[in-house]
Amino acid sequence: MALALPLAVAHPAAAADNQSQTPPPVFKWRLLLSYDGTRFSGWQYQPSTPTLQGALEQALTRVTKLDRKDLCLVGASRTDTGVHALGQVAHFVTPFGYNELQDMHAALNGLLPPDVRVREVSPALPEFHARFSVTGKIYRYMIYNDTVMDPFHRLYAYHNLSKLNICVMREVAKYFVGRHDFSAFANAQRNDRVVSSVKSISRMDIIEKGPILHVEVEGSGFMYRQVRNMVALLLQIGKEALPPEIVPKILATRDRKELAKVALVAPPHGLCLVQVMYNEEHLRLPEDGPATSFGRHHTISKCKLQYY
1 MALALPLAVA HPAAAADNQS QTPPPVFKWR LLLSYDGTRF SGWQYQPSTP TLQGALEQAL
61 TRVTKLDRKD LCLVGASRTD TGVHALGQVA HFVTPFGYNE LQDMHAALNG LLPPDVRVRE
121 VSPALPEFHA RFSVTGKIYR YMIYNDTVMD PFHRLYAYHN LSKLNICVMR EVAKYFVGRH
181 DFSAFANAQR NDRVVSSVKS ISRMDIIEKG PILHVEVEGS GFMYRQVRNM VALLLQIGKE
241 ALPPEIVPKI LATRDRKELA KVALVAPPHG LCLVQVMYNE EHLRLPEDGP ATSFGRHHTI
301 SKCKLQYY
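With the numbering used here, the residue at position 288 of the sequence shown is 288, and numbering never jumps.
So, in structure tokens, the structure goes:
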């Protein structure tokens, strides 16, 4: 597949002469990604194990001919081992521009494994940052609540055998809504990811679809394993093993050890990053950049049907 050529870049000698006067240009590109996290050790790059960042950087280096360190790839959420995504966002940079993005888009998906897909490629403003420009995120945890697990959901839903009290779970979910210190619901060894443990949750909905429960949480941000720890406590209350009032009590302790006494973290395969949200101002496209690529449809030639 022939890629659209990068826009013209100054001759190396001329660039060297001008280096002291003006910095080299930097072009920023935004990616919208979906992936099945089953076989990956999370987003963060690791040299000895498959990760989402590693797979994406490998494809990008082949397409752009740049070193992974020059790409400066950043993801909006460093999803954990086994966690999935419908709407992960990432950005990377190049020292050259493109006059169109469909060829690059198609090439990336051709190089990526089938459990990872780039849904959109677009130019981004210099001030856009996939992680630091985030205004909110939506996560969904899926529970299969029946005695017999549907094998088609085994990689994407936690199997809960006992009957859950959905009404109580919905009432308890209200305790999480609002601005709270969620220290008791985050794993301490990974709290270096965030500046503050105080987060705002705007909604926590429990949606029933037959035997499947969707626990959908929207908030300003989440700490490492926070959603899975919240779901774990909800499950214990839904099983009626714990009283509803334990939620505000554990929140007030700000101590992860207190939660560990009553609930183990929910497994990762039930969790999915649904959407990452930004201010519209940050999502504006540069005036002189190419159009967003949503993928290319292959043309099917029309033929005359013959009946025998």
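Backbone N, C-alpha and C fix where the C-beta goes; we use that ideal spot for every residue, glycine too.
Being a predicted model, the structure only gives us computed values, none of them experimental.
Looking at the DSSP output, Asn145 sits in a beta bridge with Asn160. Bounds of any beta strand (DSSP E) do not take in Gly238; it lies within the alpha helix (DSSP H) bounded by 226-238. With fewer than three CB-CB distances shorter than 8 Å, the segment 92-104 does not count as touching the segment 34-47. With respect to Lys163, Phe182 sits apart: the two C-beta atoms are not nearer than 8 Å. Looking at the DSSP output, Ile206 bridges to Val215. Following the DSSP letters along the chain, one finds Gln275 inside the beta strand (DSSP E) bounded by residues 271-278. Per DSSP, the beta-bridge partners of Ile138 are Glu218, Gln275. Straight-line spacing of the CA atoms in Ile138 and Asp288 works out to 32 Å. Runs of the beta strand (DSSP E) spanning 3 or more residues and lying entirely within the segment 83-116 occur at 84-94, in chain order. As a beta-bridge residue in DSSP terms, Ala124 pairs with Lys28. Under the DSSP assignment, Arg179 falls in the beta strand (DSSP E) whose first and last residues are 178-181. With a cut-off of 8 Å on Cβ pairs, the segment 273-282 is not in contact with the segment 148-167, counting fewer than three such pairs. DSSP places Val247 in the uninterrupted alpha helix (DSSP H) bounded by 246-253. Between the segment 250-266 and the segment 201-210, the count of Cβ pairs shorter than 8 Å is below three; the stretches do not touch.
For Val262, there is no enclosing alpha helix (DSSP H), since its DSSP letter is neither H nor E. The Cβ-Cβ distance between Val215 and Val231 falls below 8 Å.
For the set Val93, Leu71, Tyr144, Ala130, the Cα lying nearest the Cα of Ile212 is the one of Tyr144. Of the residues assessed, Val89 falls on the buried side of the cut-off, its CB having 16 or more other CB atoms within 10 angstroms.
Distance from the CA atom of Glu245 to the CA atom of Ala85, rounded to whole angstroms, is 32 Å. Look at Leu242 here: in three-state DSSP terms it is coil, with no helix or strand label. Per DSSP, the continuous alpha helix (DSSP H) segment holding Lys69 begins and ends at 68-71.
The C-beta distance from Ala76 to Leu112 rounds to 18 Å, too long to fall under 8 Å, and the pair is not in contact. The straight-line gap separating the alpha-carbon atoms of Arg228 and Leu264 is approximately 9 Å. Partner residues in a beta bridge of Val168, as assigned by DSSP, do not exist. By the neighbour-count criterion, in which a residue is buried when 16 or more other Cβ atoms sit within 10 angstroms of its Cβ, Ser133 is buried.
Contact check for Val74 and Ala130: beta-carbon distance about 5 Å, within the 8 Å limit, so the pair qualifies. Counting the other CB atoms within 10 Å of its CB gives Ala241 a total below 16, which places it among the exposed residues.
Rounded to whole angstroms, the separation of the alpha carbons of Gly270 and Asp146 is 15 Å.
At a Cβ-Cβ threshold of 8 Å, Phe185 and Gln236 do not count as neighbours. Residue pairing by DSSP places Leu285 opposite no residue, since no beta bridge is assigned to it. The closest CA to that of Leu259, considering only Leu161, Leu234, Pro267, is found on Leu234.
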